[in-house]
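Notes for the one structure printed next.
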Amino acid sequence: GGGGGGDDGVRRKESLLGEVKKTEGQRLAFVCNLSWDVTEETLRAALAGCEVADVRMGVDKETGHFRGFAHVELATDEDLERAVCLNGVSVLGRPMKIAYATARKSGRNGDSATAGRGGRGGRGGRGGRGGRVAKKE
Numbered sequence: 002g003g004g005g006g007g008d009d010g011v012r013r014k015e016s017l018l019g020e021v022k023k024t025e026g027q028r029l030a031f032v033c034n035l036s037w038d039v040t041e042e043t044l045r046a047a048l049a050g051c052e053v054a055d056v057r058m059g060v061d062k063e064t065g066h067f068r069g070f071a072h073v074e075l076a077t078d079e080d081l082e083r084a085v086c087l088n089g090v091s092v093l094g095r096p097m098k099i100a101y102a103t104a105r106k107s108g109r110n111g112d113s114a115t116a117g118r119g120g121r122g123g124r125g126g127r128g129g130r131g132g133r134v135a136k137k138e
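Per the numbering used here, the very first residue in the sequence shown carries number 2; after that it's consecutive.
Take a look at the structure:
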């Protein structure tokens with residue numbers, strides 16, 4: 002017989018994303034390795050076949066520039082499963098990585114858990130265009 006253990010090389014690569022277990026009741030996927038040109042529309046199009054409830058694009062707090070990752074909330078568990086199956090699909094020339102988002106637990110480091118939450122409704126940016134200067138006369 003002999004020579005068994007050929008699995009090892011295969012498993013190692015998967016474990017990076019595979020370690021993140023699906024959190025019961027959470028339908029959030031973490032998408033990364035995205036081109037900086039990706040928009041919410043591009044991402045929704047890439048997830049065709051999955052009903053997307055919400056997209057939170059990861060942006061730099063200082064500059065407002067997209068940082069190549071997003072959290073996508075799916076409508077159902079089935080949609081989340083389908084989205085995770087799209088891991089590796091090319092979007093604007095880069096293979097996107099999709100995994101179950103890790104549950105945000107407050108506890109270990111109370112501050113950081115809440116600090117990351119400010120992602121809602123950030124579309125009407127306080128962008129540094131400097132247009133509105135209130136002059137008091």
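Think of the CB as a built atom: it goes at the ideal place given N, C-alpha and C, for glycine as much as any other residue.
Next item on the list: Would you mind giving the Cβ-Cβ distance between VAL56 and VAL39, rounded to the nearest angstrom? I have them listed as a contact below 8 Å.
Entry: As a position in the sequence shown, residue 56 is number 55, starting the count at 1. As a position in the sequence shown, residue 39 is number 38, starting the count at 1. Going by Cβ atoms, the distance from VAL56 to VAL39 rounds to 11 Å, so no, they are not a contact pair.
Check: Which residues bound the beta strand (DSSP E) around GLU32?
Finding: Position 31 of the sequence shown, counted from the start, is the residue given in the question as residue 32. Sequence check: residue 32 is Val here, not Glu. Start and end: 29-33.
Check: Which residues bound the alpha helix (DSSP H) around ALA71?
Finding: Residue 71 sits at position 70 when you count from the first residue of the sequence shown. Careful: ALA71 lies outside any alpha helix (DSSP H), inside the beta strand (DSSP E) at 67-75.
Next item on the list: Would you give the residue range spanned by the beta strand (DSSP E) that ASP55 belongs to?
Entry: By one-based count along the sequence shown, residue 55 stands at place 54. Start and end: 53-60.
Next item on the list: Taking all protein chains shown into account, decide if ASP78 is buried (16 or more other Cβ within 10 angstroms of its Cβ) or exposed.
Entry: For the purposes of this step, residue 78 is identified with residue 77 of the sequence shown, where counting begins at 1. The residue in question, ASP78, is exposed, as its Cβ has fewer than 16 Cβ neighbours within 10 Å.
Item checked: For ALA100, three-class secondary structure by DSSP -> Looking up residue 100 in the sequence shown gives position 99. Note: ALA100 maps to strand in three-state DSSP.
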